[in-house]
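**Q** For the working numbering, count along the sequence shown from 1 and bump the result up by 29. Ideal Cβ placement from N, Cα and C applies to all residues, glycine included.
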Amino acid sequence: MNEGSLNPKLRFEERKAIILFLWLFYLVYYSFEVFYFLSKTTIYKDKELISTGVAGLVFLLVPLVFGVYFIKKGNPFIVKYIYIFSYLGIDFVDTIMTYWGSKIPYTSGNIVEVLFYLFSPIFINKKYFWVVSLGLIGKEAILGLILQSMHVLMPIVIYIILSLIAYTVLIRFNSYVNTLTTVYEELRQKEKLAVIGQMAAGIGHEIRNPLSSLKGFAQLQHERSPRTNEFYPIMIQEIDRINSIVNDLMYLGKPKEIKFEKASIEEIIAYTLSITQQQAELHGVKIETFMEGPLPPVECDGKQLKQVFLNLIKNAIESMAEGGRIKINVKIVESQRMFISIQDEGCGIADSNILNLGEPFFTTKKDGTGLGLMVTNQIIKDHNGNLKIESKIGVGTEVKVSLPIMQKRIQ
Ligand code: ADP
Ligand code: MG
């Protein structure tokens, strides 16, 4: 998991964990090193050993200074890497300096290394876990080779066991955090929808009444003098367009009750194609449909699914300013789900925009509303289906919809 994707609450928690790590690590590490230094100097009473030991202790404070500096600068996430890398470096050099060509028997392992293992799952970061695990095991293995010592075998075995435990805990944390993040995102989306919904329902209601009188009067005018009103079709078309935008907005306000009935996907698609045919011809777009028949009826709300395919086919047509081909594939998967793919040869969607798809009002079109995909998403979710969008800029987009053929009844 990458730090950037964590929600603010989790970032705050990680910050707390890092601060705890910073001080706990130093408390343990420093007391251990001071104790070790004192015991070494009292046993060997070697002047050189004392001076390098003191220098080492002072040097050990460098990562602490950096750690505090980065936390203050608002980038605490880098601290854990500073620690592990400086620890590995310092310990490696220190061990070589102490034991290389010396008669002192090599003893390895350090309580702070266990601390690294304990903290590695807390940061819920696989990269960091691997740095700690491979770093510490690798260090022991290299030291063992250089110093020709078999003493490293024990810590290596212990570290492999610790790695396994830490990894299991990390995976559990990870799935827990993923669930939390999804729930958090869904909640945020719902809140947003609720606000928009209330606004939309209010505004929509107000707009609908004058709109229907406008349409009524336009029709009346047309009936009275059918020949003089050349703008009549455009007026009606535009009024219908406003109406469909208002409908989209109102759908978000209070999603309609779904009426599940058995309906034929072929008919639904044929209906949407008949509506979009004119627009497609105008754009020089050819639509090809492939059905892997015979297809069973799907339990769905036909009216709403028409809305779904209307939105998706319109988007596909609108993506091809220069014309092109749309392929619609329908097939059954595992005799339980209907799979429908709509593939265009249009402009494609930039990676940076993929995440915004389905956000209310996200549009890249001059006269787009940015509501189509959102309503589509909602309807498919209400049908217990799912929607995936794959796109390559300049090549095209494929929208994959999968729907259960039968709805599960909740007892
Ligand atoms: P609108 O069509 O009103 O812009 P939508 O919610 O239908 O709103 O689509 C949102 C955005 O997603 C579009 O503006 C467009 O940038 C992108 N998009 C959707 N479908 C496609 C597609 N088939 N090809 C390229 N871009 C698409
Ligand atoms: Mg659209």
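Assuming Ala195 contacts Ile185 (C-beta within less than 8 Å), just tell me the rounded distance between them.
**A** No, Ala195 and Ile185 are not in contact; Cβ-Cβ is about 15 Å, not under 8 Å.
**Q** Could you give the distance in angstroms between the alpha-carbon of Gln266 and the alpha-carbon of Ser242?
**A** C-alpha separation (whole angstroms): 15 Å.
**Q** Using a 10 Å radius around the Cβ and a threshold of 16 neighbouring Cβ atoms, would you call Ser34 buried or exposed?
**A** Confidence at Ser34 is low in this model, with a pLDDT of 46, below 50, so the placement of that residue should be treated as unreliable; the coordinate-derived value is given next. By the neighbour-count rule (16 or more Cβ atoms within 10 Å), Ser34 is not buried but exposed.
**Q** Buried or exposed: which applies to Asn31, given that a residue is buried once 16 or more other Cβ atoms fall within 10 Å of its Cβ?
**A** Here Asn31 scores only 44 on pLDDT, less than 50, and its place in the model should not be relied on; the value that follows carries that caveat. The residue is exposed, with fewer than 16 neighbouring Cβ atoms inside 10 Å.
**Q** Is the Cβ-Cβ distance between Tyr112 and Pro92 less than 9 Å?
**A** In contact: Tyr112 and Pro92 (Cβ atoms closer than 9 Å).
**Q** Mind listing, in chain order, the continuous alpha helix (DSSP H) runs of no fewer than 4 residues lying wholly within the stretch 303 to 352?
**A** Complete alpha helix (DSSP H) runs here, min 4: 331 to 347.
**Q** Quick one: Cα of Ile200 to Cα of Thr211, how far?
**A** Cα to Cα, Ile200 sits roughly 16 Å from Thr211.
**Q** DSSP state of Gly425, grouped into three classes?
**A** Three-state DSSP puts Gly425 in a strand.
**Q** Along the chain, where does the beta strand (DSSP E) that runs through Met367 open and close?
**A** Met367 -> beta strand (DSSP E) spans 366 to 372.
**Q** Per DSSP, which residues does Pro105 bridge with? Please list them.
**A** According to DSSP, Pro105 bridges with nothing at all.
**Q** Rounded to the nearest angstrom, how far is the Cβ of Leu281 from that of Ala229, given a contact under 8 Å?
**A** Yes, Leu281 and Ala229 are in contact; Cβ-Cβ is about 6 Å, under 8 Å.
**Q** Using 8 Å as the Cβ pair cut-off and three pairs as the minimum, do the stretch 394 to 412 and the stretch 354 to 374 touch?
**A** Verdict: no, contact absent.
**Q** Hey, out of Ile263, Gly375, Phe319, Ala350, whose CA is closest to Ser420's CA?
**A** For the residues Ile263, Gly375, Phe319, Ala350, the minimum Cα distance to Ser420 belongs to Gly375.
**Q** Going by Cα to Cα distance, which pick from Met279, Leu51, Phe368, Leu384 is closest to Asn415?
**A** For Asn415, the nearest C-alpha among the options comes from Phe368.
**Q** Following a CB-centred definition, is Ala350 positioned closer than 8 Å to any heavy atom of the ligand ADP?
**A** Ala350 Cβ: outside cutoff for every heavy atom of the ligand ADP.
**Q** Is the separation between the beta-carbon of Val108 and that of Ile100 shorter than 9 Å?
**A** It is a contact, given that the beta carbons lie within the stated cut-off.
**Q** Taking 8 Å as the line, does the beta carbon of Met403 fall inside it for any heavy atom of the ligand ADP?
**A** Yes - the ligand ADP has a heavy atom lying nearer than 8 Å to the Cβ of Met403.
**Q** When you compare the CB positions of Asp277 and Leu386, do they come within less than 9 Å of one another, or not?
**A** Result no, Cβ atoms of Asp277 and Leu386 do not sit closer than 9 Å.
**Q** DSSP state of Ile434, grouped into three classes?
**A** Ile434 falls in the coil class under three-state DSSP.
**Q** I want to check one thing, is the minimum distance from the CB of Asn276 to the heavy atoms of the ligand MG below 8 Å?
**A** No, Cβ of Asn276 sits at least 8 Å from all heavy atoms of the ligand MG.
**Q** In angstroms with no decimal places, state the Cα-to-Cα distance between Gln250 and Arg256.
**A** The straight-line gap from Cα to Cα measures roughly 10 Å.
**Q** Based on the DSSP secondary-structure assignment, which residues constitute the bridge partners of Lys356?
**A** DSSP output for Lys356 lists Glu317, Gln372 as bridge partner(s).
**Q** By the 10 Å Cβ neighbour count, where 16 or more other Cβ atoms means buried, how is Lys168 classified, buried or exposed?
**A** So Lys168 ends up on the buried side.
**Q** Would you mind giving the Cβ-Cβ distance between Gly82 and Thr70, rounded to the nearest angstrom? I have them listed as a contact below 8 Å.
**A** That belief holds up - the Cβ atoms of Gly82 and Thr70 are roughly 6 Å apart, short of 8 Å.
**Q** With distances taken between CB atoms, is the gap from Ile9 to Ile357 smaller than 9 Å?
**A** Since the first residue shown for the chain is 30 and the last is 440, residue 9 is missing from the structure and cannot be characterised.
**Q** Would you grab the beta carbon distance between Val404 and Asn340 for me? Rounded to a whole angstrom, and I think it's under 8 Å.
**A** Confirmed, about 7 Å.
**Q** Using the Cβ count rule (16 or more neighbours within 10 Å means buried), how would you classify Val314?
**A** Val314 comes out buried.
**Q** In angstroms with no decimal places, state the Cα-to-Cα distance between Ser293 and Ser254.
**A** C-alpha separation (whole angstroms): 42 Å.
**Q** Could you pull the DSSP bridge partners for Lys417 from this structure?
**A** Per DSSP, Lys429.
**Q** Any heavy atom of the ligand ADP closer than 8 Å to the Cβ of Asp123?
**A** It does not: the Cβ of Asp123 is nowhere closer than 8 Å to a heavy atom of the ligand ADP.
**Q** Should Met279 be labelled buried (16 or more other beta-carbon atoms within 10 Å of its own) or exposed?
**A** Buried, by the Cβ-count rule.
**Q** I need the DSSP call for Lys291, collapsed to helix, strand or coil.
**A** DSSP places Lys291 in strand when its eight states are reduced to three.
**Q** Go ahead and pull the three-state DSSP assignment for Ile236.
**A** Of the three classes helix, strand and coil, the one that applies to Ile236 here is helix, per DSSP.
**Q** Compute every distance between the C-beta of Glu347 and the non-hydrogen atoms of the ligand MG, then say whether any falls below 8 Å.
**A** Answer for Glu347: yes, Cβ within range of the ligand MG.
**Q** Between Lys417 and Leu302, what straight-line distance do the alpha-carbon atoms span, to the nearest angstrom?
**A** One C-alpha to the other measures close to 21 Å.
**Q** The alpha helix (DSSP H) spanning Glu77 covers which residue range?
**A** Counting along the chain, the alpha helix (DSSP H) containing Glu77 begins and ends at 76 to 88.
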